[in-house]
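Engineer: Protein chains in written order, with my numbering: chain A, 43 to 254; chain B, 43 to 254; chain C, 43 to 254.
Glycine is no exception: its CB is placed at the ideal position from the N, C-alpha and C atoms.
Printed below as a string of structure tokens:
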């Protein structure tokens with residue numbers, strides 16, 4: 043298994059984790075199998091779809107429909123196996139896999155936008171963040187949950203933004219290196235997310251609005 | 043009147059029914075004429091617009107602006123004639139026309155996506171469902187109503203999904219027939235929806251999440 | 043400074059005002075710096091992005107990333123300078139600048155869609171309105187506020203719609219004049235909005251649904 047197919051399969055694990063966490067988030071609201079599956083698929087595929095719409099390229103799941111199948115099957119399994127998947131230890135594992143997924147997809151998106159020469163250096167960062175958080179935003183809007191832009195008790199947007207900025211800056215100033223900054227940026231996002239999950243970190247108080 | 047123009051005019055009736063049910067859904071919230079009209083148009087045209095955005099083709103109402111006019115006029119009439127249109131028997135008729143519309147548009151969308159050879163056999167199903175339910179989702183998000191993904195007391199998503207799967211499977215395995223499976227799939231969705239409206243059917247309990 | 047660059051810089055002021063009002067609208071909900079900035083950018087850039095997605099052209103901020111920077115910096119400043127910017131007189135100034143921005147962008151959008159010959163005369167009006175109100179709708183959906191389609195106590199949609207209709211009608215029947223109807227339409231929207239802000243005008247009762 044070479045480097046590219048390793049990335050590809052880690053990506054598929056990330057898609058599955060997105061779908062699992064998406065379905066688990068809405069199950070308490072009494073959804074049915076079909077509704078839960080659509081929510082899971084939107085969570086898993088929504089961010090990349092928004093990116094591709096803005097870029098004007100064919101959406102990624104129309105080229106490789108394995109993405110659809112993985113999101114579909116993971117959502118369906120979650121509906122039936124919710125008692126297993128919502129167990130504290132398994133759910134925590136899913137959160138880490140979700141963190142790995144968001145790290146990978148955000149940086150892949152920055153790279154894809156950069157390769158298309160689409161408004162660097164700032165547009166790649168914007169679309170990297172959109173790719174990372176878009177699916178979760180769609181899920182939260184459709185399920186009536188407070189979304190991650192409006193809640194400051196979880197560190198999600200911050201790691202993604204910092205990782206995308208770091209990678210974009212390195213592509214701008216150090217274009218001769220390509221993989222090393224990518225791997226470092228993925229690692230930055232993932233470790234930051236993992237620390238936030240592990241120690242239940244929120245955004246520092248000084249960065250939270252206190253207007254009431 | 044030939045077969046194609048029959049389909050075309052049934053489609054226009056479906057657009058009008060979407061707009062009417064869309065406006066009636068938000069009227070109790072105290073909207074004004076302009077807001078109600080925008081909601082009605084988004085309900086009627088939203089699903090097909092999402093489909094065309096993903097496909098990267100010009101949106102259907104930019105090519106034939108009669109779609110805009112029908113949605114606009116139907117929304118405006120509904121605002122003024124709400125006392126007539128919200129009468130139980132007329133509203134029920136509108137629900138059936140809405141069911142006919144969603145049946146027609148979902149299968150038309152599968153067919154359109156298939157003709158563009160856009161990721162068959164699974165992408166056409168996804169975009170058929172998006173076309174069928176997209177407008178209603180946009181309406182519910184904007185009007186703050188619980189949307190059809192999160193409520194299991196109405197059968198809407200299920201008929202649309204089954205019809206799109208049936209048609210896509212038939213196009214895959216029986217490509218020599220074209221119109222017959224299309225008509226059967228439209229009939230399946232419509233009859234399923236009509237039965238759900240007539241007998242007030244919900245999703246079977248075994249397919250509804252009981253995590254509380 | 044010639045006419046075009048005057049328009050360009052007024053547009054930038056409008057983008058900044060959109061971002062400021064967007065961030066001020068969500069600050070009471072206890073957002074953090076990153077969330078507020080994303081909301082501010084979506085408010086400022088969302089409407090034009092929707093328009094460009096429907097038109098199938100590259101989004102405006104990918105061609106000129108100054109739009110992103112202005113929205114980003116204005117959002118960030120608002121977060122830190124909220125006590126100054128939410129003062130009654132400054133906030134009122136921001137509302138007027140927001141009105142100027144919406145007037146300018148709606149009419150610019152009609153003009154852009156018309157130049158692309160994209161379904162005139164009705165599609166330009168639709169996309170003009172989408173450009174004007176899209177960003178605000180996205181903000182309100184993400185922040186859980188009632189959006190301007192569902193509230194009739196503020197005149198926002200009405201002026202924008204009337205201005206876009208007026209400009210589209212004049213382009214259709216009086217194509218030999220170009221700038222004069224544009225300026226008149228911008229003035230119509232702005233004066234109408236300014237009057238609504240100044241005297242706190244709502245939609246007339248006869249145009250508001252009384253179904254309860």
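1. Among B:156, B:179, B:136, B:116, whose alpha-carbon lies nearest the alpha-carbon of residue 104 of chain A?
2. So which residues on chain C does residue 95 of chain B lean against when the C-beta distance must stay under 9 Å?
3. If the criterion is Cβ atoms closer than 8 Å, does the pair residue 174 of chain A and residue 85 of chain A meet it?
4. For residue 217 of chain A, is the beta carbon positioned less than 7 Å from some heavy atom of the ligand ZN?
5. At a CB-CB cut-off below 9 Å, which residues of chain C make contact with residue 105 of chain B?
6. Could you check which residue in A:245, A:251, A:221, A:234 has the C-alpha nearest to that of residue 45 of chain A?
7. Taking all protein chains shown into account, decide if residue 126 of chain C is buried (16 or more other Cβ within 10 angstroms of its Cβ) or exposed.
8. Report the three-state DSSP secondary structure of residue 99 of chain A (helix, strand or coil).
9. With a CB to CB cut of under 6 Å and the five nearest residues on each side skipped, what residues in its chain are close to residue 90 of chain A?
10. Would you decide whether residue 248 of chain C is buried or exposed? Buried here means 16 or more other CB atoms lie within 10 Å of its CB.
11. Smallest Cα separation from residue 235 of chain B: which of B:215, B:139, B:122, B:82?
12. Can you give the Cα-Cα distance for residue 136 of chain A and residue 98 of chain A, rounded to whole angstroms?
13. In whole angstroms, what separates the C-alpha of residue 229 of chain C from that of residue 201 of chain C?
14. Hey, could you find the ends of the alpha helix (DSSP H) residue 64 of chain C is sitting in?
15. Among all the DSSP beta bridges, which residues are the ones paired with residue 74 of chain B?
16. For the alpha helix (DSSP H) containing residue 241 of chain C, name the first residue and the last one.
17. Could you tell me how far apart the beta carbons of residue 190 of chain C and residue 199 of chain C are, in whole angstroms, since I believe they sit closer than 8 Å?
18. Within the 8 Å Cβ cut-off, does residue 200 of chain C reach chain B?
19. Do residue 87 of chain B and residue 59 of chain B have their C-beta atoms closer together than 8 Å?
20. Sorted by chain position, which residues of the same chain lie with C-beta nearer than 6 Å to residue 260 of chain B's C-beta, five sequence neighbours on each side aside?
21. How should residue 69 of chain C be labelled, buried or exposed, when 16 other C-beta atoms within 10 angstroms of its C-beta is the threshold for buried?
22. Compute the Euclidean distance between the alpha carbons of residue 55 of chain C and residue 72 of chain C, then round it to the nearest angstrom.
23. How about residue 179 of chain C: is its C-beta nearer than 8 Å to some C-beta of chain B?
24. Please compile the residues from chain A whose C-beta is within a distance smaller than 9 Å of the C-beta of residue 184 of chain C.
25. Check residue 200 of chain C in the structure and name its three-state DSSP category.
26. When we look at the beta-carbon of residue 261 of chain C and count the other beta-carbons within 10 Å, is it buried (16 or more) or exposed?
27. Could you work out which residue in C:48, C:49, C:130, C:94 is closest to residue 66 of chain C when comparing CA atoms only?
28. Considering residue 123 of chain C, what are the terminal residues of the alpha helix (DSSP H) in which it resides?
29. How close, in whole Å, do the beta carbons of residue 64 of chain B and residue 49 of chain B come, if the pair is a contact with beta carbons under 8 Å?
30. To the nearest angstrom, report how far apart residue 254 of chain B and residue 121 of chain A are at their CA atoms.
31. Starting from residue 193 of chain C, follow the alpha helix (DSSP H) in both directions and report where the run begins and ends.
32. Which chain B residues are close to residue 165 of chain C, counting only those with a beta carbon under 9 Å from its beta carbon?
33. What in chain C is Cβ-close to residue 203 of chain A, meaning under 7 Å?
34. Are residue 243 of chain C and residue 204 of chain C touching if we call contact CB-CB under 8 Å?
35. Between residue 183 of chain B and the rest of its own chain, which residues show a CB-CB distance below 8 Å, the 5 nearest in sequence each way excluded?
Structural biologist: Straight from the coordinates:
1. Checking every option, the nearest Cα to that of residue 104 of chain A belongs to B:156.
2. For residue 95 of chain B, the chain C residues whose C-beta falls within less than 9 Å of its own C-beta are 95, 96, 98, listed in chain order.
3. Not a contact, by the Cβ cut-off of 8 Å.
4. You won't find the ligand ZN in this model; it holds no ligand whatsoever.
5. Result: 161.
6. Among A:245, A:251, A:221, A:234, the Cα nearest to that of residue 45 of chain A is on A:221.
7. Exposed, since its Cβ has fewer than 16 Cβ neighbours within 10 Å.
8. Note: residue 99 of chain A maps to coil in three-state DSSP.
9. So the list reads 102, 173, once near-sequence residues are dropped.
10. Residue 248 of chain C sits exposed, since fewer than 16 C-beta atoms from the chains shown fall within 10 Å of its C-beta.
11. Residue B:139 is the option with its Cα nearest to residue 235 of chain B.
12. Rounded to the nearest angstrom, the two C-alpha atoms are 32 Å apart.
13. Straight-line Cα distance between these residues: approximately 10 Å.
14. Start and end: 45–68.
15. In the DSSP output, where bridge partners are listed per residue, residue 74 of chain B has C:250.
16. Per DSSP, residue 241 of chain C belongs to no alpha helix (DSSP H) and is neither H nor E.
17. A Cβ-Cβ separation of about 6 Å places residue 190 of chain C in contact with residue 199 of chain C under the 8 Å criterion.
18. It does; some Cβ of chain B falls within 8 Å.
19. With contacts defined by Cβ atoms closer than 8 Å, residue 87 of chain B and residue 59 of chain B do not form a contacting pair.
20. For chain B, the structure presents residues 43 to 254; residue 260 of chain B sits outside this window and is missing.
21. With 16 or more other Cβ atoms within 10 Å, it is buried.
22. In a straight line, the C-alpha of residue 55 of chain C is about 26 Å away from that of residue 72 of chain C.
23. At least one chain B Cβ lies under 8 Å of residue 179 of chain C.
24. The answer, in chain order, is 179, 182, 183, 189, 191, 192.
25. DSSP places residue 200 of chain C in helix when its eight states are reduced to three.
26. Residue 261 of chain C is absent from the model: chain C starts at 43 and stops at 254.
27. Per the Cα distances, C:130.
28. That residue, residue 123 of chain C, is in no alpha helix (DSSP H); it is neither H nor E in DSSP.
29. In this structure residue 64 of chain B is not in contact with residue 49 of chain B, their Cβ atoms being roughly 22 Å apart against a cut-off of 8 Å.
30. Because residue 254 of chain B sits at a pLDDT of 47, beneath the cut-off of 50, its placement in the model cannot be relied upon, and the following sentence gives the value as read from the coordinates. Distance between the alpha carbons of residue 254 of chain B and residue 121 of chain A: 14 Å.
31. Careful: residue 193 of chain C lies outside any alpha helix (DSSP H) and carries neither H nor E.
32. 101, 103, 104, 107, 110, listed in chain order.
33. Those within 7 Å of residue 203 of chain A in chain C are 76.
34. No, Cβ-Cβ distance for residue 243 of chain C and residue 204 of chain C is not below 8 Å.
35. Non-local C-beta neighbours of residue 183 of chain B in its own chain, meaning closer than 8 Å and more than five positions away in sequence, comprise 189, ordered along the chain.
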